[in-house]
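Chemist: Have a look at the structure that comes next, please.
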Amino acid sequence: MKKLSSLTALLFIFAAGTAFSQNNVGIGTTTPNSTAILDLSPPNFNMGFLAPRMTTAQRLAITGPANGLLVYDTTFDCFFYWSSISSAWISMCANSGPTGATGAQGVTGPTGAQGSTGATGAQGVTGATGANGATGVQGVTGPTGAQGPTGPTGAQGPTGATGIQGPTGATGAVGATGPQGPTGATGATGATGSTGVTGATGATGATGATGATGATGATGATGATGATGATGATGPAGLFNNTFSAYGNLAIAAPAAFTTIPNLSITVTLTKNSIVYVYTDGGMQTTSAVTTGNSTVDVALHQNGALIITSNGGGFRRVTANNSSTLITQIVNYSMGVYVTLGPGVYTFDARTRLVGGAAATVSGNNASVLQGVLLVQVIEN
Numbered sequence: 058m059k060k061l062s063s064l065t066a067l068l069f070i071f072a073a074g075t076a077f078s079q080n081n082v083g084i085g086t087t088t089p090n091s092t093a094i095l096d097l098s099p100p101n102f103n104m105g106f107l108a109p110r111m112t113t114a115q116r117l118a119i120t121g122p123a124n125g126l127l128v129y130d131t132t133f134d135c136f137f138y139w140s141s142i143s144s145a146w147i148s149m150c151a152n153s154g155p156t157g158a159t160g161a162q163g164v165t166g167p168t169g170a171q172g173s174t175g176a177t178g179a180q181g182v183t184g185a186t187g188a189n190g191a192t193g194v195q196g197v198t199g200p201t202g203a204q205g206p207t208g209p210t211g212a213q214g215p216t217g218a219t220g221i222q223g224p225t226g227a228t229g230a231v232g233a234t235g236p237q238g239p240t241g242a243t244g245a246t247g248a249t250g251s252t253g254v255t256g257a258t259g260a261t262g263a264t265g266a267t268g269a270t271g272a273t274g275a276t277g278a279t280g281a282t283g284a285t286g287a288t289g290a291t292g293p294a295g296l297f298n299n300t301f302s303a304y305g306n307l308a309i310a311a312p313a314a315f316t317t318i319p320n321l322s323i324t325v326t327l328t329k330n331s332i333v334y335v336y337t338d339g340g341m342q343t344t345s346a347v348t349t350g351n352s353t354v355d356v357a358l359h360q361n362g363a364l365i366i367t368s369n370g371g372g373f374r375r376v377t378a379n380n381s382s383t384l385i386t387q388i389v390n391y392s393m394g395v396y397v398t399l400g401p402g403v404y405t406f407d408a409r410t411r412l413v414g415g416a417a418a419t420v421s422g423n424n425a426s427v428l429q430g431v432l433l434v435q436v437i438e439n
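Structure below.
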């Protein structure tokens, strides 16, 4: 309900500003400051202004940004605004320079060989079969429809005429019966005949019923399982998007030439053409309770001992810290990064510093300066 009320109030304020040509708008106040076109006054001072939030890739994808356009970059955890004078996004954190263009993404490395398939797990117990639901009541049988009328019987055709019967022939006369002759004498008994041949064998009787099948013998023992083959070796891992980092600090003692900040040195071996992003940030701390003056140093990135020239033609970041009797400790931050394209080989990247001017910097005396930071190297192989 509170969100709905706030939204309703906001819409009412904007509507009122349009209707009465109001020159400025207030949220949380009925009397906005006359120098502000939008005056945000949260109740109890427990809320703030939330700028548009997006990743670096989303920010760089904005087409034709207006001069002064403000966004919050969640990748860098920092506010950025667009400068039409420098035609670049300007970071509002740590005095950093404009953000360089995002480098091209390298190709995806080859997929490693697939490992052998693991053994199939035992099948779970089959769940109990649920009870059958009750049979529904049979619906009422609908009434039998009325029988349609029987069609009329077709007319029988006329019977054909019977043909004429021919005449019956005359019956011949019966002849007279002759006289019966006398009975003849009985003949003598004949000789006994020879024994006849043996008759054919009779048909075989029906086969008797088959006896019951005997019991099945016991199953033989299962043979031993063969040995599992050896697992193939894992292929080498590529350097795709590998990131290396180092931390260190240096008590500055007026070095005239560039000196490597202890521990801020990283060596990588490239196996193919690569894009390498080298980045450093940190801060210089000064302390003084008596003497006033400034300490100024340059911080630069080096590759195999040579200064890396950045895209804007420079090669270092200049840092100046003030010492005063009223400001006992001051920390001034710095940051810089650059993309370099390199072939196969071994490369050493380091962050170096030199004293440019101002009061002499010593560890034990006045105007003492301590430089500390981080070095990061990210490799994107093609």
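The sequence shown begins at 58 in the working numbering and counts up one residue at a time. A virtual CB, placed ideally from N, CA and C, is assigned to each residue, including glycine. Computed from a predicted model, the values in this text were never measured in an experiment.
1. Run through DSSP, which three-state label would residue 117 get?
2. Taking just the CA atoms, how far does residue 128 sit from residue 135?
3. How about the stretch 327–342 and the stretch 429–439: do they share at least three Cβ pairs that are nearer than 8 Å?
4. Hey, residue 373 and residue 389: beta-carbon distance below 8 Å or not?
5. Do you know whose CA, among 391, 410, 405 and 335, lies nearest residue 397's CA?
6. Take the Cβ of residue 107 as the centre, count every other Cβ of all protein chains shown within 10 Å, and call the residue buried at 16 or more, exposed below.
7. Which of helix, strand or coil does DSSP assign to residue 101?
8. If I follow the unbroken beta strand (DSSP E) through residue 83, where does it start and stop?
9. To the nearest whole angstrom, what separates the beta carbons of residue 395 and residue 376, a pair I think is in contact under 8 Å?
10. Rounded to the nearest angstrom, what separates residue 359 and residue 413 at their Cα positions?
11. Do the CB positions of residue 399 and residue 321 come within less than 8 Å of each other?
12. Is it true that the CB of residue 93 sits closer than 8 Å to the CB of residue 80?
13. How big is the Cα-Cα spacing for residue 90 and residue 83?
14. Quick check: the Cα distance between residue 132 and residue 113, rounded to an integer number of angstroms?
15. With distances taken from CA atoms, which of 137, 407, 204 and 206 is nearest residue 315?
16. So, using beta-carbon positions, are residue 434 and residue 325 closer together than 8 Å?
17. Could you spell out where the beta strand (DSSP E) holding residue 320 opens and where it closes?
18. Are the beta-carbon atoms of residue 333 and residue 403 separated by less than 8 Å?
19. Per DSSP, what kind of secondary structure is residue 365 in: helix, strand or coil?
20. Am I right that residue 318 and residue 409 are in contact with their C-beta atoms under 8 Å? What's the rounded C-beta distance?
21. List the endpoints of the continuous beta strand (DSSP E) containing residue 130.
22. What is the DSSP secondary structure of residue 141, counted as helix, strand or coil?
23. Determine which residues share a DSSP beta bridge with residue 378 and list them.
Modeler: In short:
1. In the structure shown, residue 117 adopts helical secondary structure according to DSSP, grouped into three states.
2. 9 Å
3. Contact between the stretch 327–342 and the stretch 429–439 is present, because at least three Cβ pairs lie under 8 Å.
4. no
5. For the residues 391, 410, 405 and 335, the minimum Cα distance to residue 397 belongs to 335.
6. By the neighbour-count rule (16 or more Cβ atoms within 10 Å), residue 107 is not buried but exposed.
7. helix
8. 82–84
9. Not confirmed; about 17 Å, so no contact.
10. 18 Å
11. No Cβ-Cβ contact shorter than 8 Å links residue 399 with residue 321.
12. no
13. Straight-line Cα distance between these residues: approximately 8 Å.
14. 6 Å
15. Nearest option by C-alpha distance: 407.
16. yes
17. 316–327
18. Their beta carbons are not under 8 Å apart, which means residue 333 does not touch residue 403 by this criterion.
19. coil
20. With a Cβ gap of about 7 Å, residue 318 and residue 409 count as contacting.
21. 127–130
22. coil
23. 352
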